[in-house]
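Here the structure is laid out as structure tokens; the discussion comes afterwards.
Residue numbers (our numbering), protein chains in the order written: chain A, 719 to 1013; chain B, 105 to 365.
Structure (structure tokens):
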């Protein structure tokens, strides 16, 4: 997919499963927003294809029951919060009673009831994000696209928005989330796609991205005891008087290592697979691409 | 349709454009009142306004026609930014992500603009019509013709600004396009004189071609007076202008359907 001479998305192939929160991660200019816009039919796809529930984005039926909160949105400033929800509802063919019911529910849910009659141009950034989320939820969507939903929102507001996302997922709905806040993604997302310079670097569950399956951390009173790890078990990554990190040949060999430590009469406090943050995992994936680009 | 119509109406009220129409209407009322108290003379003979229908055709119609012309001009200028405004970055995403085909979206917006601004023009013209009737004692016929022609003319201008708005994506360009087309169509009325003056076949073909291509709203307003006075009307300006509007509308929809935002 091209924007002038720039290839905005190159060979990106992925699918989102119903009922999951799927997050797109990537540095600025990676093509995350372009991907959402292409799927929603806002930006044309120059080559390749995309479908939403089997319908191409050029067909407006692909957007039935779909909610979208754009990044850096500029909702019509002449409308009130309630007016925006009603306009969205009308374009989704909701009848009067549905409009009233959904508006009331969503204003309550996003904490915007008090400001529903205020013009959008007078809203703060955080208020705009909240009402933007409400309008995205207005059609009671099965599929929700959220592009930087917590951008400009205070910590309390971020927690509220995360709560809304979790609630939507619990209702069996699907969310495609684009966020720079890795901690937020780590908290709510089921699967993550990492994009860099328009290319898909990795797709995995948050669990897969944050765990080092073959690395274990053992906390114990090692003191000055010499600990050796036989080659058939694995190799020592780090050792201090209280902590040992080992990379195992096979996770089952952790038992051999524990036996070895117990034989030395060392008190073991914890044994756990080594975890990394999503941020570390993300930076590793993107760094690989940057190295490739610089060569 | 209702959602976009309400959105357009709210936008119009929010921009306080209505006040401009109100001021223009009030000025027109002052002119009518001033006219009623003036002693009009033609070649030194004082005339009775109540007999003007017989003497000069229908001066009321001419005045209201000019008033409606100003209102249509105001409407074109006021509405020129609406479609580009809908398609600015950050707002286009909102409208285009709704489950509406793009052609339907742009047609709904255009139709809403037409209905809302036509409503304004009709209301103001009706007020003037009634005031002039009461103050001057002139109740000429042909209000419906006048309104019909002006409302059709507004539709034609909206097609011009919509096309420019979608292609250029700018309110300023949209207004400028309307202004340029307006100037050219006024000049091209004199296409025969221009051709005769240039005395060149290529220039004659060019100006005649352009004359037929451009809208002829100026001549449409003349058509109102012809219709009201009962003289035989030349419908060509209306037909050809509507044809151009239809072509522009098709081009606008086609471009909008395929444009990336």
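Glycine residues also receive a C-beta, built at the ideal position from the N, C-alpha and C atoms.
Span of the beta strand (DSSP E), counted from its first residue to its last, around residue i
i: residue 956/A; result: 952-957
i: residue 865/A; result: 861-865
i: residue 939/A; result: Counting along the chain, residue 939/A falls outside any beta strand (DSSP E), and DSSP gives it neither H nor E.
i: residue 962/A; result: 961-966
Secondary structure of residue i, DSSP reduced to three states
i: residue 125/B; result: helix
i: residue 896/A; result: strand
i: residue 763/A; result: coil
i: residue 921/A; result: strand
i: residue 868/A; result: coil
i: residue 914/A; result: strand
i: residue 737/A; result: coil
i: residue 327/B; result: helix
i: residue 986/A; result: strand
i: residue 743/A; result: strand
i: residue 992/A; result: strand
i: residue 202/B; result: coil
i: residue 192/B; result: coil
i: residue 932/A; result: strand
i: residue 947/A; result: coil
i: residue 840/A; result: helix
i: residue 335/B; result: coil
i: residue 725/A; result: strand
i: residue 212/B; result: helix
i: residue 909/A; result: strand
i: residue 730/A; result: coil
i: residue 157/B; result: Because the pLDDT at residue 157/B is just 49, under 50, the model does not fix this residue reliably, and the point stays unresolved.
beta-carbon residue i near the ligand MG non-hydrogen atom, thresh 6 Å
i: residue 205/B; result: For the structure depicted, the ligand MG is absent and the ligand set is empty, with no information on it obtainable.
Host alpha helix (DSSP H) of residue i (start-end)
i: residue 269/B; result: 247-272
i: residue 297/B; result: 295-302
i: residue 275/B; result: 275-292
i: residue 787/A; result: Note, residue 787/A: premise wrong, no alpha helix (DSSP H); beta strand (DSSP E) at 784-787.
i: residue 981/A; result: 972-981
i: residue 753/A; result: 750-757
i: residue 360/B; result: 340-362
i: residue 109/B; result: 106-118
i: residue 308/B; result: 305-317
i: residue 843/A; result: 843-855
i: residue 877/A; result: 873-888
Identity of the residue in the options nearest residue i by Cα
i: residue 909/A; options: 787/A, 803/A, 926/A; result: 926/A
i: residue 870/A; options: 839/A, 724/A, 812/A, 789/A; result: 789/A
i: residue 787/A; options: 724/A, 862/A, 858/A; result: 862/A
i: residue 174/B; options: 226/B, 268/B, 309/B; result: 226/B
i: residue 135/B; options: 222/B, 260/B, 171/B, 268/B; result: 171/B
i: residue 253/B; options: 271/B, 229/B, 122/B, 240/B; result: 229/B
i: residue 999/A; options: 952/A, 901/A, 941/A; result: 901/A
i: residue 796/A; options: 116/B, 313/B, 317/B, 365/B; result: 116/B
i: residue 181/B; options: 343/B, 218/B, 355/B; result: 218/B
i: residue 867/A; options: 856/A, 903/A, 839/A; result: 903/A
i: residue 335/B; options: 326/B, 239/B, 224/B, 342/B; result: 326/B
i: residue 298/B; options: 215/B, 311/B, 363/B, 124/B; result: 311/B
7 Å Cβ cutoff met for residue i and residue j
i: residue 169/B; j: residue 328/B; result: yes
i: residue 353/B; j: residue 273/B; result: no
i: residue 744/A; j: residue 913/A; result: yes
i: residue 907/A; j: residue 921/A; result: no
i: residue 265/B; j: residue 276/B; result: no
i: residue 207/B; j: residue 357/B; result: yes
i: residue 331/B; j: residue 337/B; result: yes
i: residue 235/B; j: residue 307/B; result: no
i: residue 892/A; j: residue 737/A; result: yes
i: residue 205/B; j: residue 782/A; result: no
Residues of the region 259-292 of chain B with a CB closer than 8 Å to any CB of chain D: list them in chain order, please.
In summary, chain D is missing from the structure at hand, where the protein chains are A and B.
Return the chain-ordered ranges of every alpha helix (DSSP H) run that is complete within the region 790-830 of chain A and spans a minimum of 4 residues.
799-809, 814-827
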